[in-house]
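Chains as they are written, first to last, in numbering that gives the first Met the number 0: chain X, 0 to 421; chain G, 0 to 421; chain F, 0 to 421; chain A, 0 to 421.
Where is the CB? At the ideal position from N, CA and C, for every residue including glycine.
Note that the coordinates shown come from a computational prediction; the quantities given were computed from them, not determined experimentally.
These notes are about the structure you will find just below.
4 protein chains.
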Amino acid sequence: MAVSMPQTVPTLDVLARRFREVRDRTEWLCAPLSAEDQTAQSMPDASPAKWHRAHTTWFFETFLLRPLHAAYQPLDERYAYLFNSYYNAVGPQYFRPHRGLVTRPGAQAVGQYRAHVDAAMLDLLEGRAPLRGDVPAATIELGLNHEEQHQELILTDLKHLLAHNPTWPVYRERARRPSVTPPALAWREFSEGVYEIGHGGRGFAFDNEAPRHKVFVQPFALANRPVTVGEYLEFIGDGGYRRPELWLSDGWRLVQERDWQGPLYWLQDGGARRAFTLSGSLALDPAEPVCHVSYFEADAYARWAGARLPTEAEWEVAASDQPVAGNFMESGNFHPAPGDGAARLFGDVWVWTQSAYLPYPGFRPPDGAIGEYNAKFMSGQMVLRGGSCATPRGHIRATYRNFFPPDARWQFSGIRLARDGS
Amino acid sequence: MAVSMPQTVPTLDVLARRFREVRDRTEWLCAPLSAEDQTAQSMPDASPAKWHRAHTTWFFETFLLRPLHAAYQPLDERYAYLFNSYYNAVGPQYFRPHRGLVTRPGAQAVGQYRAHVDAAMLDLLEGRAPLRGDVPAATIELGLNHEEQHQELILTDLKHLLAHNPTWPVYRERARRPSVTPPALAWREFSEGVYEIGHGGRGFAFDNEAPRHKVFVQPFALANRPVTVGEYLEFIGDGGYRRPELWLSDGWRLVQERDWQGPLYWLQDGGARRAFTLSGSLALDPAEPVCHVSYFEADAYARWAGARLPTEAEWEVAASDQPVAGNFMESGNFHPAPGDGAARLFGDVWVWTQSAYLPYPGFRPPDGAIGEYNAKFMSGQMVLRGGSCATPRGHIRATYRNFFPPDARWQFSGIRLARDGS
Amino acid sequence: MAVSMPQTVPTLDVLARRFREVRDRTEWLCAPLSAEDQTAQSMPDASPAKWHRAHTTWFFETFLLRPLHAAYQPLDERYAYLFNSYYNAVGPQYFRPHRGLVTRPGAQAVGQYRAHVDAAMLDLLEGRAPLRGDVPAATIELGLNHEEQHQELILTDLKHLLAHNPTWPVYRERARRPSVTPPALAWREFSEGVYEIGHGGRGFAFDNEAPRHKVFVQPFALANRPVTVGEYLEFIGDGGYRRPELWLSDGWRLVQERDWQGPLYWLQDGGARRAFTLSGSLALDPAEPVCHVSYFEADAYARWAGARLPTEAEWEVAASDQPVAGNFMESGNFHPAPGDGAARLFGDVWVWTQSAYLPYPGFRPPDGAIGEYNAKFMSGQMVLRGGSCATPRGHIRATYRNFFPPDARWQFSGIRLARDGS
Amino acid sequence: MAVSMPQTVPTLDVLARRFREVRDRTEWLCAPLSAEDQTAQSMPDASPAKWHRAHTTWFFETFLLRPLHAAYQPLDERYAYLFNSYYNAVGPQYFRPHRGLVTRPGAQAVGQYRAHVDAAMLDLLEGRAPLRGDVPAATIELGLNHEEQHQELILTDLKHLLAHNPTWPVYRERARRPSVTPPALAWREFSEGVYEIGHGGRGFAFDNEAPRHKVFVQPFALANRPVTVGEYLEFIGDGGYRRPELWLSDGWRLVQERDWQGPLYWLQDGGARRAFTLSGSLALDPAEPVCHVSYFEADAYARWAGARLPTEAEWEVAASDQPVAGNFMESGNFHPAPGDGAARLFGDVWVWTQSAYLPYPGFRPPDGAIGEYNAKFMSGQMVLRGGSCATPRGHIRATYRNFFPPDARWQFSGIRLARDGS
C-alpha cells in the first residue's frame, strides 16, 4: 500500500530488534496453518499465506540485500519473479490471480527462504555483512511496516478462504469475553476552521500521509463509537437491503447482482444470527461493532440513520488528540469486541470515510520502484481510518490512510457516523 | 445528472419562451438523423436519440403535467415505464442496455409524443390549463436544464454509434476553419487561502453545485489553455502508452486490456493522423485541443508533462472571474476548435479534474424522485469542468460539476494542466 | 446453412419466374416493418431484417453478377464488406454482433440495393446481359434457397426482437382458427434393416444432404404427431423443470443459470398461460404443438414421457413416403396450428432429433467460398427436421437437415417422440 | 464417466486382490506430490489430486459400505457432501470450481479416509463384515474402473496445474528412450458392410458401451499410426493456424480468441521446440505422436492432410482384432513414445473421432444414482478411442468410449487419420 518518510531515524540495533519481532509475528500468525491452508487463493484480490510470507521476504531481498549486501547470494533466482507483487520498475510479475497455482516452492521451502533472508538481514543490521553503502534505515522501516500490512492481509485473506469451507474451520479458538453493553450513541462536536492534517514529521509514516497541509473543515459532529450489530439488524429489519432510496446507484446494483442481504460472513442458521469468524461459526453479539460491510452498505446505513460518513479530514481532526488504544491483532481476538464503554477511535474495525483516496496537495511519491508503493493506486478507492482487530497495534496512527474499493467487504471494515454541525 | 435550486425565479412567459427554444433545439439536433440512426444503441451507457427525445418529454409529463395539469391525458400510459431512466421513486424502469431494442414507438411516434406534451406544457405555461396548484418554475427550469444535458448526450451517443459504421457517416458537414497556432503554454498563478466555491444563489444550478462553502486551497498555477493534439502526439511518441510508470494502476490495466494506443476515435490511415468526427473522418489538426481521452489518459499525460490535473476547487477559483465564452454547441462545429489565441476556460473540451465526484459539505438532495437526479451517482466518478463543443452555451457556468467514470472516453473530454504553486 | 447439388437443372425462364417470386416474398415479409423494426438486433445470433434483405442480395451480386455479368456496376462497393456474412474466401466481414449498429444504409437504401441487383439479375436471366460465361443454374437455385432460409430467419429474428418490447407489438394480425382436438398419440412402427437416406439426385438439395447412403436402423416407432402444449403443461406440472434426473447435465445447468420455467416466449399472466407471438400476446391453445423449446427441453420431455427423440435417420425413413403438406409460412399463421387430426410430419414445428449435425459418409463440400455454406458448421449442433410454420412450403423436403445449437430456442422448434421398436 | 454391465462376475477374492492393486496405484501416483501439489485446482474442469483420492473413496463408501456393511461407521459425515462429484440422486454437491479452496481435510487426512474405507472394504470383500445383503460384484468392479479413470485424471489435471508454474516442476524423471523412426504412413482398407460394435457381454464395460448393435459402415481406410510431431510441424509451417478454410467455424473462433499457435504445453524456446511434460520441459521428438490437441485441431489437421478423422464405428471395427498393447501408464513415461515401428491402435494418445458422444441404439442407463455415471453427459462432446500413456493398461478395450468437449486439450489427445475407401 504505501511508502515511508521517516524523519527520526531509528538506530540499527533498534531496527534489528524490531526486525526480529515483526518477522517472528508473521510466522506466529501462520503457525496454525497447514501447507494446504497456506497455498489456496480464494479470489484475485486475496493471496495465499505462503505468498505473503515469501513476498514480504522478497521485499527485503530486493530493496536491501541485493543492492547493499556485498556477499549476499539469493537462495533461488526465480523468486525474484515469482514474489514480485506489482513493482513494474523491478521487473515483470507472475499473474496475480494464479498465485494459488504455484504449489512449488511449498510452505516449508518458503520457510527456508525466510530463514535465508533473515540471516542475511541480521548480518546486515548487526554489522557482520560487507556493505556497498550506508544502511538506509528508512527502507528497513518501510519493509517492516510493509510486512505489518501483510500480517493483516494474511488474516483477512485466510478468513475469506476458510469461509469457502462448509465445515467452518477454526483458525484459532477464541476466549469469549463477556458481552458488555456499548455506550449510548453520543456526538462529539467540532467547530469549523482551518485545521492541519497529514503526517508532520516525527516517526514513520507512509508517503501517502504527507505532506501535512491545511484544510478547511465545516462544523461537524462524530459518533462516540462504531455502529453495532444490534443497530445494523434494525437497519436490515427496516428493509435496508430492499429500499433503493437508501443506496448509491452503484451500491444498489451490487445489492441486486450479488444478492446482498447482510454483511459478508453472516450465516443464516434458523432464527439465530451467526457469522463465520476466524474461530469458526459464532453467534453474533448485538453489542459488537458491525464488520465486513462495504462502503456502499456503510453509506446506506448512514443515510437510513439520518447521518452520514465522516470525511477523512474530520476523522483525523477528531483522532489527533486520542490515544492509540483498543482491540488490535495482539489481543488474539481477530474479531471486533463487544463495546466496553470506551469511546475509542482506534481498533476493532476500520471505518469507511466518504473521502476518495486521492493525493494530498503537494504529494510527491519517492523515486524508483518504491514510488509505486502507494501512488499508483489513487483511483477508484475510498479511505478507511483507525485500524482493526487484525492490525498490529504499533502499526496504526491518526494520520494513517487505508484504502479499498467501495465494494470490498473482506477487510474488517465497519461504520462510524458523522453529521453536520452547526 | 442533477437538480435545481433556483433562487431567482423566472416568470412564466420567460419560461414559455425558453421552453420553446430548448425543445426546438433538440429537434434541430435530431433533424439529420434517420429513423434508423435514432434507434440503435451502441453500448449500455449510451442511449438512442429517439430515447433521449422521449425521455426528456417524459420528464415534463411526469414531474409537471401529471401532478399539475388537471385536464392532461397521457398519449400512451406505457411510456411512463418505457421512458423512465432511473427514478426508482416513480416506478420500475425498462432495462437500460436494451433501449435500442424498443423499435416501437418509432421516431415519428416519438415526435407525436413530444408535440402532445409540448402543447400541454404550453397550455400550462401560458395560462390555458386548469391547474391543481402553483406552477413550480424551479421544476420547469430543471426540466429544461435536464433536456440541455441530454442534447449533449444525443451528440456524444450518436458519435459513438456512427463510429461503428465503417463507412464513416457524416452527421453534419463542417466548415473547416483555418488553423490558428495556439498560444504558448503559460501558467496563471494563484495564492493559497480560504476560497469559496459552489453555487451561491442567483440563477439556476443543479443541487450538486450547492451549498457554497469554504475550502482551503494551496498555492497553484493553472495552464492558460487545454493540451493540444500536437502535444499529445509528443506524449505518444515518447512511449506514453507503453510506460507503466506514467499510469495509475487501474489505467495501466485498461491500456493493456483494451489496447489503447491513442484517444478514442483516432484512426490509423497510413502516415496521417485522422479521427472520426460528427463530420466524418477528418485529418487531425495539431493545434486543436486533444479530446476523447479518459481520466487515466489525462492523468498519465499530466505526469509525463511534469504537471498534474487541477482539483475542481482550483479550476473553479480560476474560472470564477472568467467570461463564459468559447466554442459551444451553437457553433455547429461539434468538434474542438484549433486555438485562436484566447485563453479560455469554457468550451471546446470538458477538462478532467483530479477530484472525485462527492457531495459538498452540507449537501442535501431534494425530497422525492427529483432527489435521485444527482445524489445517488456520487461514487466511482471524477468531476469534469468547463463544458465542451457539444454543450449548449447557456447551460454552463463556473460552478457546474459534470462527472463520468475515469475510463469514459466518449464525451468531449480533454486535459488542462495544473501544478503546485509556491 | 448449406449448398446445392441440383441434378435436374431448371431452365432460365423457370428460374426467372422463381427469382421474382422469392424476392417478392422477402419484401412482402418485411412490408409491415418500420425502418426501426428492420434495424435492431436483439442478440448476436439474430440479425436485423434490413441486414437479411441486404445479405441475400449480396449473395446474388457476389456469386453471380460480379463474376458473370460483364456490364454490372455495383451500387456501392462498401456493401461487399458490410453484407458478407461468414465467407472468409470472399473477404473479411463486419463484426456480426454489431449488425444492429449499422444504421446506414437504411431500410430504404437497402430497398434500392435490392432493386438494383434484381434488375441486373433479371437482365442476366432473361438474356439481356453480356455474359462472361454460362449462367450456372445451380448457383441461382442455391441463391434462392438461401433467401428462403433467410425468410424464416427474418421471422424468427423479428419475433426475438419484438419480444423485448413490453408493449407486445403485433407483426401481423392472425385469424384465430377454431381449436381442434389433436388425435390421440399413436405410434407408427418400423422394422430394422439397412435403409437409404440422404438426397439422391432429383431436384435441388443442399450439399449437407448428400450423398445418399446406407444406414442400419434398429426397429423403432415414431409418434403420429408433435407433442402439444397441453402435454407439455403436464410435464411442467409434474416438476419437469425442477427434477435434475430428467435432464442432460448441460441442460440442467442452463435450467438453473437461465431460470427456465417453460418454453421461450411463454408469459405469466395470472392464471392463464399466454405466449408472445408474431400476432402479439395470445392465449395458449393446449391443442397446438409446443414450440420454442431447446434440444435440452425436448430431450427432458421425452425422458419424462418414457420415450426418446428420433434419430435423423429414423425421421427420414418415416418421412420418405409422406406428402409435404402442413402449416407453412404461406398460411400466414406464423404460429403452430392446433391439431386437426392429420398425422403430418412436415410443418408447424421443426422437431429436434437426437442426431448431432455431422457430415454424411463421403460428404464433400464444393470448392471455393460456396463450400463454406454448410461444412464449417458441423460441430456443436443438433439436427432438426420437417420445417415449421415459418418455412416456405417449397423449401422443405424429407432429406432436409436443419441444425442449431442444443440451447437454441428462438426457432420454431418442437418435439416428436420416438421409442425403440421390437 | 460411465457404468458397468459385467456379465462374468469375478469372485470376491479376485476382487479383493484387484481392489488392493487399484487403490495402491492411486497412492503410488500421488506419492511424489506435496500437500500443496495435491490441493490446487487450475481450472473448473480439473480437480485437485487430493480430491480425486477422496472422491474415489467416497464412491466405495457411498455405493457399497453405507448400503451394505452393517457395522460401517463413516469417518466424517461431512465428506458425503464434500466429495460427491455430480450425483444428484445422492444429494447436493460442493461447488465444483471451488474444490481447490477446501484446504481441510488436508492430504494427510484424506489418506486416513482412504485407509478407513479400505479397511472396511477389505472386511467386506474378505468376509469379515456383517452384511445387509449380497455383495454386488458389479458395483465393486465399477468402483475400481471408476478409480482407474480418476488415475488418468490425476495425471492430466496435475500436468495442467504444474504448467502454471514458471519453474517447470518435475513430477517424475523420465528415462529418455532412444528415438526410433516411425513407420511410413500406410492405410489399412476395410470394405463396406453391416458390422457389430459395442460391448457384447464378457468382462466389464461401462454402460455407454452397450448394447452391442449393428451399424452400416461405408468402405474406409485407417492410418497405421498416429500423426507425429514432425508431421504436425509441417501443418503449422504451412500456415495451419492462420488459414480459416482448414477449420470448423467454432474452431476458427477459438484459434483467434485463445491465440492458439500449437498444441497445449508447447513452449517457445528460441529455435528449438520444447514442451512441458510431467518430467519438466523437454525437447520435442519429431517421431513421437502429437498430443494435447483439441478436436478442432485434429479436424483441421486432417483436412489439411487431405484426409478426415475416423468415426468411432470405423475405429472399433479396425480395433476389434487388435491386441491391447502399447505405451500405457505402467510404462512410467507419462508421455507418448517415439514410434518404434509397431502399428498399434492402443496407448500413447487417445484419438479424436468425428463421432459425437451419443447413446447407442437401445441404450438404457441403470436405475438410481449409478445411472448418472455416463448418460447425462451425452451432449456437446466428441468420442475418443484407444487409451493413452496415462491410461492403466487393464482399463482400456476396443469398445471403450471416452468423451470430451471439442475444445478440450488437457487430455493426452492426438490424431489418427482415416479416409473414404472405394
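inquiry  = Just verifying my parser: in three-state terms, what is the DSSP assignment at X:P243?
reply    = Helix at X:P243.
Sheet register partners of A:K213 (DSSP bridge) = In DSSP, A:K213 forms a bridge with A:E195.
query = Using the beta-carbon count (16 or more within 10 Å), is F:P405 buried or exposed?
reply = Looking at its Cβ environment, which holds 16 or more other Cβ atoms inside 10 Å, F:P405 is buried.
inquiry  = Strictly under 7 angstroms for the Cβ-Cβ distance: is X:G261 near chain A by that measure?
reply    = Not one chain A Cβ lies under 7 angstroms of X:G261.
ask   = Which residue comes first and which comes last in the beta strand (DSSP E) that contains A:Q353?
value = Taken as a continuous stretch (DSSP letters only), the beta strand (DSSP E) holding A:Q353 covers W349 to A355.
task = Would you kindly work out how many angstroms separate the C-alpha atoms of G:R98 and F:L157, rounded to a whole number?
result = Approximately 16 angstroms between the Cα atoms of the pair.
inquiry  = Please return the same chain residues whose Cβ sits closer than 6 angstroms to the Cβ of F:A106, not counting the five positions on each side in sequence.
reply    = For F:A106, where only same-chain residues beyond five positions count, the Cβ hits under 6 angstroms are A34, Q37 and K49.
Distance, G:G367 Cα to F:A306 Cα = If you take the alpha carbons of F:A306 and G:G367, they lie about 59 angstroms apart.
ask   = Between the C-alpha atoms of X:Y86 and X:E60, what's the straight-line distance to the nearest angstrom?
value = The C-alpha of X:Y86 lies about 14 angstroms from the C-alpha of X:E60.
ask   = Do A:R171 and A:H291 have their C-beta atoms closer together than 7 angstroms?
value = In this structure, A:H291 does not lie closer than 7 angstroms to A:R171 by Cβ.
Proximity test, Cβ basis, 7 angstroms: G:D249 and chain X = Answer yes: the Cβ-Cβ gap between G:D249 and chain X drops below 7 angstroms somewhere.
inquiry  = Please identify the residue among F:V289, F:E195, F:Y399 and F:R257 whose C-alpha is closest to the C-alpha of F:R384.
reply    = Minimum Cα distance to F:R384 is reached at F:Y399.
query = Using a C-beta to C-beta distance shorter than 7 angstroms, which residues of chain G count as neighbours of X:N87?
reply = Taking a Cβ-Cβ threshold of 7 angstroms, the residues of chain G close to X:N87 are P243 and E244, in chain order.
ask   = Beta-carbon of G:Q380 versus every beta-carbon of chain X: anything under 7 angstroms?
value = Closer than 7 angstroms: no.
message = Check this for me: beta carbons of G:R131 and G:A30, under 7 angstroms apart or not?
response = Their beta carbons are not under 7 angstroms apart, which means G:R131 does not touch G:A30 by this criterion.
message = Quick check on the burial criterion: 16 or more other C-beta atoms within 10 angstroms. Buried or exposed for G:A118?
response = Exposed, by the Cβ-count rule.
Three-state secondary structure assigned by DSSP to X:A1 = Caution is warranted here: a pLDDT of 42 is assigned to X:A1, below 50, making its placement in the model unreliable, and the coordinate value is therefore given only provisionally. Three-state DSSP puts X:A1 in coil, outside helix and strand.
key: Contact set between A:F215 and chain F, taken where Cβ atoms lie within less than 7 angstroms   = By Cβ distance, chain F contributes V193, K213, V214 and F215.
key: Closer than 7 angstroms to chain A by CB, F:D419   = Yes, its Cβ sits closer than 7 angstroms to a Cβ of chain A.
inquiry  = Run through the DSSP bridge pairs and tell me what X:A299 is partnered with.
reply    = Looking at the DSSP assignment, X:A299 forms no beta bridge with any residue, so it has no partner.
request  = Using a Cβ cut-off of 7 angstroms (strictly closer), state whether G:A49 contacts chain X.
outcome  = Note that residue 49 of chain G corresponds to Lys in the displayed sequence, not to Ala. Chain X contact via Cβ: absent.
request  = Using 10 angstroms around the beta-carbon of A:P91, count the other beta-carbons present and answer buried if the total reaches 16, otherwise exposed.
outcome  = By the Cβ neighbour-count rule, A:P91 is exposed, with fewer than 16 other Cβ atoms within 10 Å of its own.
query = Within the 7 angstroms Cβ cut-off, does A:F234 reach chain F?
reply = Proximity of A:F234 to chain F, defined by a Cβ-Cβ separation below 7 angstroms, is not satisfied.
message = Relative to the C-alpha of A:H149, which candidate in A:D133, A:N401, A:L416 and A:R241 has its C-alpha closest?
response = Check the Cα spacing between A:H149 and each of A:D133, A:N401, A:L416 and A:R241: the tightest is with A:N401.
query = What residues of chain X sit near G:G361, judged by a beta carbon separation below 7 angstroms?
reply = What G:G361 touches in chain X: Q217 and D419.
task = State yes or no: is the C-beta of G:E140 within less than 7 angstroms of the C-beta of G:F205?
result = No, the Cβ-Cβ distance between G:E140 and G:F205 is not below 7 angstroms.
request  = Starting from the C-beta of A:S426, find all residues in its chain whose C-beta is less than 8 angstroms away, skip the five residues before and the five after it, and write them out in chain order.
outcome  = Outside the displayed span of chain A (0 to 421) sits residue 426 of chain A, for which this structure offers no information.
request  = Taking A:F189 and F:V214 to be in contact with their CB atoms under 8 angstroms, please state how far apart those CB atoms are, rounded to whole angstroms.
outcome  = Contact doesn't hold; Cβ gap of about 17 angstroms is too wide.
key: Where X:V350 meets chain A, residues with beta-carbon distance less than 8 angstroms   = In chain order: nothing, as chain A lies at least about 30 angstroms away.
ask   = Taking DSSP as the reference, what is the three-state secondary structure of F:Q150?
value = In the three-state DSSP reduction, F:Q150 falls in the helix class (H, G or I).
ask   = So the beta strand (DSSP E) A:F219 belongs to, where does it begin and stop?
value = Note, A:F219: beta strand (DSSP E), F219 to A222.
inquiry  = Please report whether the beta-carbon of F:T38 lies at a distance below 7 angstroms from any beta-carbon of chain G.
reply    = Interface residue, yes.
query = So, are the CB atoms of X:M377 and X:L357 less than 7 angstroms apart?
reply = Yes, these two residues count as a Cβ contact at 7 angstroms.
key: Close Cβ partners of G:A271 (< 7 angstroms) along its chain, the five nearest in sequence each way excluded   = Around G:A271: A282.
message = Helix, strand or coil, according to DSSP, for A:R396 in the structure here?
response = DSSP places A:R396 outside both helix and strand once states are collapsed to three, so it counts as coil.
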